[in-house]
Amino acid sequence: MAQPIVSKKTYALTFGTLLGITALTTLLGFIDMGSLNTVVAVGLAGVKACLIAGFFMHGFYESRTIRIAMIAGVAWFLIMISLTLVDYASRFW
Amino acid sequence: MAEPLALILREQFHAPEQQRETATLGMWIFISTEIMLFGGLFLAFSVYRMYYPQAFIAGSADMNIALGATNTAVLICSSFTMALGVHSAEVGRRKLLNLFLALTMILGAVFLGIKFTEYYLHYLDHRVPGPGFLFPSADPPKAEMFFLLYFIMTGLHALHMFVGEGILFSMILRNRAGSFSAEYHTPVVLAGLYWHFVDVIWVFLFAIFYIEGLHLHKW
Amino acid sequence: MIPALLLVAPASRVAVEYDWLFWSLVVVCGGVAVGIAAFVVYSAIHFHRRSENELPPQIKGSLKLEVTWSVVPLIIFLGMFAWGASLYFDIERPPANATEVYIVARQWMWKAQYLDGRREIDELHVPVGRPVKLIMTSQDVIHSFFVPAFRVKQDVLPDRYTTVWFQPSKPGKYHLFCAEYCGAKHSGMIGYIYAMEPREYALWLSQGAAEGSLASTGEKMFHQFGCANCHHFDGQGPCPDLKGLYLRPVLLTTGQTVVADESYIRESIVDPAAKIVAGFTNYMPVFKNVLTEDQLVELLAYIKAIGPAPGTQQPSSAGSVPATYGGQPGISGSGPAGISTDQSRAH
Amino acid sequence: MTPVAEAVTVERNYLNQGEGILSWLFTLDHKRIAILYLVSVTMFFFLGGLFALLMRLELLTPRAWLFNPGDYNKMFSMHGIIMVWFFLIPSIPTTLGNFFIPMMIGAKDLAFPKLNLLSWYIFMFGGAVTVFALVRGGVDTGWTFYTPLSTTYLNTYVTATATGVFIAGFSSILTGLNFIATIHRMRAPGMTWFRLPMFIWTHYATSLVLVLATPVLAVTLLMMGVERIFHVGIFDPALGGDPVLFQHMFWFYSHPAVYIMVLPGMAVISEIIPTFSRKPLFGYDFVAYASMAIAVIGFLVWGHHMFVAGLSIYSAMAFSFLSYLVAVPSAIKVFNWSATLYKGSISWDTPMLYAIGFLGLFTIGGMTGLFLAALGIDVHVTDTYFVIAHFHYIMVGGTVMAFLGGIHYFWPKITGRLYPEGLARLSALIVFVGFNLTFFPQFVLGYLGMPRRYAAYPTEFQMLNVLSTAGASILGVGYIFPLCYLLWSWKYGKKAGPNPWRGTGLEWTTASPPPRDNFEVSPIVEGPPYDFGRMREELHLG
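Residue numbers (this note's numbering), protein chains in the order written: chain H, 105 to 197; chain G, 181 to 399; chain Z, 6 to 352; chain A, 8 to 549.
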């Protein structure tokens, strides 16, 4: 346990990128892109989440078991939301 | 060197590495349950966003982007200091760990301060759902749904922030008591995981509540 | 048990199909269950332990058997799924020429409103041999319309229309139950369906002392609430022309197209801003909590009855429908149900 | 024998290490916590059972003769809430699972003993809140809390009850988390995944569901509570909400919850059948994969509770299709258990009688599930007694039979004593007969169209209802018997010895009752599970 898992430099780079994406998200938010606004906002949030989970939370460095645990929560959320929204989307077919 | 092995290894484990791995796995499972907890709210949000697109975008346009963006930046900074804190723990620098934990706590408090200022402004604007709700659009009841979900989701997030502050405070106390070392600092790592997770949730809350209707914001 | 079984003898066209599927499943599943039970009991007796230190052959498994008993059930299950789904489509999709009756449920009663304006509580009279479609809504909580003899059930939701249909095949008096728990007197929310021979039904209809058809009451309200001020029938008004609206596809400002069914029309009354027709601006007041469900039904009946717009009319089987104001509205080809097959089936 | 040798026979075990009530209330020993849970869930079982008996009494006549309909509604609501959340869900995992997961994998304890104790306290706190609501006047929402009835129209103790369930949910989450971490990280050297007893595999699958489904229940109840307390709309259409969304979210939890309840039952059966057949579990790999498949596919099928609720017909089709897929692994399990019996050396000890009962009843329950998954069939029989009978065949015929079988199977290990075998066999028979007499008539009632949750019903349903009530009284007797003789045997039963059934798991290699750390020497695993072939060598040595 002598070596830290992630170097300070990586943390700093991640931090800078996160702030950059936040600024980008906010700036893009001012432009009216129709329904793309939501896609861009949530998509960039997803990128930020991956960066935080990967570097700050060491997700890119952990064992397979732990990575599966990380992905499981997200995967199950996607199951829940997609199957429910399918119902709502197909009600007016 | 800190305590001897016997003191930091609980009796059900046979090696410190096993103990660390188990604790990390446990924390990640806990985070998965938290994802599902917030997931239910995100699901409700998506459904009503689909039902009432205009009202939700109008509600989002009504948010204070300056405070929201600042808060996001504050929280990202706190995640960075938390990460550095974990790093200091890993190399066994206790004073530095203390400093970063304290910084993270302060940034967390700033976030909560801004958040509650925002709540107060919503209150002044009559945006709190209930009998006194006012919204300058054709469809107040639907905007009310937006604000209700906003208050529940950010409120639950704020609750998690309070818990996080408590955890960080206990980490500081334990660090001052000399519990952590380069060999044993699992609780700091776990506290960090929790803190980062709460940050991730906010990143999504920021996107759906503040950014979606930003282009319609009236200055 | 036998007399009780007779009570639920199928009394609609769907119910007969239903029983075919149900009893086929009983035979298949029952057969397999009895087979498994027999095998277990046989093994338990035949291989009963004979001595304390007996050690049987240590069989670990068999890939062939595993594959067999995974794939064979799967194929049988897919068959059940397909049969069940096709029956469900029959149950869920009313034929286009069905007689319509409006049902408003509330704690703890069923209220039926016929197109000719007749009203009934906890009772429903229907003709034998003709499809009947119920357009249902609830004034408070979720209820469920359940007629065991017809093998149909549909939840009745507040703020929304759901439909159910059946074609009685035998005259008689059948149970109507509320099947979704709805509060203290849930078990009292029951009634009867009277299926009558067409001649008796005509007689029953003629005896009704209705105060005017549902649509004509609706027309009065159409003027009383000021709808007519904006919704002109010449296409010149500031609001969409409602003539022949029912079941026509409507283009919205969002670019979506929706079919103007009962739920759409209802939503457009109680919550006009929800879906705005392309080319119009919304000025309409919100009628949520202003109109009762009964009044909404009347307005809806009127809007559906306003003559079809020229060119979209299709010959409907108006002959089989009791004479009411305007008869059946025209049906545009874009309705969600497979109309042609439904019609041919109904005759 | 010298006095010294006699003293040695009174071994230190988990039961006598530490005395007094406090040593129990602050214990971190998974075995003692399991006993705490066992006492608690037994109490809740008999409380829920009492409500069931009162309901059956009420249904003896077509009119509401014993209670007014409002009180009857409270009976079935409290029966459902207590049985689902305070008995069935914790029943096997927190008692037998808690006790035997560490022992079967050769660990000293669970990964997080403090969390384990905490989850018991949370469970008891949730239970106390619910019982408080019950004592203050009860609740009549039904266990499903459907909106807007629950949020706008009822003025009973809805919020208090929901709070109790909400709290108990966190106990489930912590238990599941603890099990997953334990099974991943605490296995003894040599205990690879495919050497794990099926009990462990199935509990692993259960924990997965516990952890991923329960939070959704928590957040659903939270939103329901917000709507009820502040009267702002989330699910009530009068306030702009959608009641069907509540059903989606509720069943996203509650359908997987069915697997939380029945998978541990399967876990127990997968131990009992090999032991009493002296044969390895047939198709071990396939049963393990089937458990995992049930846990995963079980999350994709919740919509089959909503076929007539206003779901779009297309998504109803998708849910029906997926429901048939989840039936396949269950079928695989039944076939494999049956095949394990073939050419075995089958003893008719009490646990085996329960296991055979489980096989029959679970098969019927599963088969009628196929009826309910068929879209067209479901329309008529859903919300009738057909559904009641179906899930009682799974929950009572499956889980409770397995629970009783498991308690009998593991009783010698837990207490070190044997129960009176004759009496135990007799009560297993009584339970089986009583159960079928109670619930089989309900299938017929459902097909005839008797809706569930009716305090009064048309007279033509009376005969079947009388049969059912008669069965319920027999079933009640069948449940009281084991309570009595098991308690008696704890003190007066014959000494059992470490391995009375000649089982093969690690749990049978240690003393009964086990010592505090489970094993005198940390075990090392060298072979597959269910290795009855070892018996031959032991006999030669002996």
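Even glycine gets a Cβ: it sits at the ideal position worked out from N, Cα and C.
Separation of residue j from residue i, as counted between CA atoms
i                     : j                     : result
residue 239 (chain G) : residue 315 (chain G) : 9 Å
residue 81 (chain A)  : residue 138 (chain A) : 13 Å
residue 172 (chain H) : residue 375 (chain G) : 20 Å
residue 271 (chain Z) : residue 309 (chain G) : 26 Å
residue 211 (chain Z) : residue 204 (chain Z) : 11 Å
residue 360 (chain A) : residue 165 (chain A) : 41 Å
residue 203 (chain A) : residue 66 (chain A)  : 47 Å
residue 284 (chain Z) : residue 116 (chain H) : 53 Å
residue 114 (chain H) : residue 34 (chain A)  : 44 Å
residue 128 (chain H) : residue 110 (chain Z) : 53 Å
Pick from the options that is closest to residue i, judged by C-alpha positions
i                     : options                    : result
residue 192 (chain Z) : Z:228, Z:151, Z:200        : Z:151
residue 275 (chain G) : G:376, G:362, G:378, G:396 : G:362
residue 224 (chain G) : A:254, A:432, A:200        : A:254
residue 218 (chain Z) : Z:123, Z:211, Z:57         : Z:123
residue 485 (chain A) : A:457, A:509, A:432        : A:432
residue 537 (chain A) : Z:194, Z:247, Z:62, Z:118  : Z:62
residue 315 (chain A) : Z:283, Z:258, Z:162        : Z:162
residue 33 (chain Z)  : A:279, A:452, A:371, A:439 : A:371
residue 77 (chain Z)  : A:342, A:500, A:266, A:348 : A:342
residue 195 (chain G) : A:118, A:96, A:52, A:427   : A:118
residue 419 (chain A) : A:464, A:338, A:517        : A:517
residue 144 (chain A) : A:162, A:461, A:298        : A:162
Buried versus exposed, by CB contacts within 10 Å (16 or more), residue i
i                     : result
residue 529 (chain A) : exposed
residue 28 (chain Z)  : exposed
residue 185 (chain Z) : buried
residue 58 (chain Z)  : exposed
residue 30 (chain A)  : exposed
residue 123 (chain A) : buried
residue 193 (chain G) : buried
residue 306 (chain G) : exposed
residue 158 (chain Z) : buried
residue 333 (chain Z) : Only weak support exists for where residue 333 (chain Z) lies, its pLDDT of 35 falling under 50; the value from the coordinates is given anyway. By the neighbour-count rule (16 or more Cβ atoms within 10 Å), residue 333 (chain Z) is buried.
residue 294 (chain Z) : exposed
residue 200 (chain A) : exposed
residue 39 (chain Z)  : exposed
Endpoints, the beta strand (DSSP E) within which residue i is located
i                     : result
residue 533 (chain A) : Where residue 533 (chain A) is concerned, there is no enclosing beta strand (DSSP E), given that its DSSP letter is neither H nor E.
residue 137 (chain Z) : 137 to 143
residue 3 (chain Z)   : A question about residue 3 (chain Z) goes unanswered here, because the residues of chain Z that appear run from 6 up to 352.
residue 160 (chain Z) : 157 to 161
CB contact below 9 Å: residue i versus chain D
i                     : result
residue 322 (chain A) : Absence of chain D from the displayed structure is noted, the protein chains being H, G, Z and A.
Continuous alpha helix (DSSP H) stretch holding residue i: start and end
i                     : result
residue 106 (chain A) : 105 to 112
residue 279 (chain A) : 250 to 284
residue 274 (chain G) : 274 to 304
residue 113 (chain H) : 112 to 133
residue 337 (chain A) : 320 to 348
Quick one: any contact between the region 372 to 392 of chain A and the region 78 to 95 of chain Z, if contact means 3 or more CB pairs under 8 Å? yes
Can you find at least 3 beta carbon pairs, one from the region 243 to 256 of chain A and one from the region 154 to 162 of chain A, that sit closer than 8 Å? yes
Could you tell me whether the region 177 to 190 of chain A touches the region 272 to 285 of chain A, where touching means 3 or more Cβ pairs closer than 8 Å? Using a C-beta cut-off of 8 Å, the region 177 to 190 of chain A makes no contact with the region 272 to 285 of chain A, since fewer than three inter-stretch Cβ pairs fall below that distance.
Do the region 533 to 543 of chain A and the region 434 to 448 of chain A make contact, defined as three or more Cβ pairs closer than 8 Å? no
How about the region 304 to 324 of chain A and the region 179 to 195 of chain H: do they share at least three Cβ pairs that are nearer than 8 Å? yes
Quick test of the definition: if touching needs 3 or more C-beta pairs under 8 Å, does the region 103 to 115 of chain Z touch the region 71 to 86 of chain Z? no
Answer yes if the region 297 to 314 of chain Z comes into contact with the region 222 to 236 of chain Z, meaning at least three C-beta pairs across the two stretches below 8 Å, and no otherwise. yes
Does the region 15 to 22 of chain Z come within contact of the region 138 to 155 of chain Z, defined as at least 3 CB pairs closer than 8 Å? yes
Does the region 132 to 152 of chain Z come close enough to the region 234 to 241 of chain Z that 3 or more CB-CB pairs lie under 8 Å? no
Assess contact between the region 142 to 151 of chain H and the region 243 to 250 of chain G, defined as three or more Cβ pairs (one per stretch) separated by less than 8 Å. Is contact present? no
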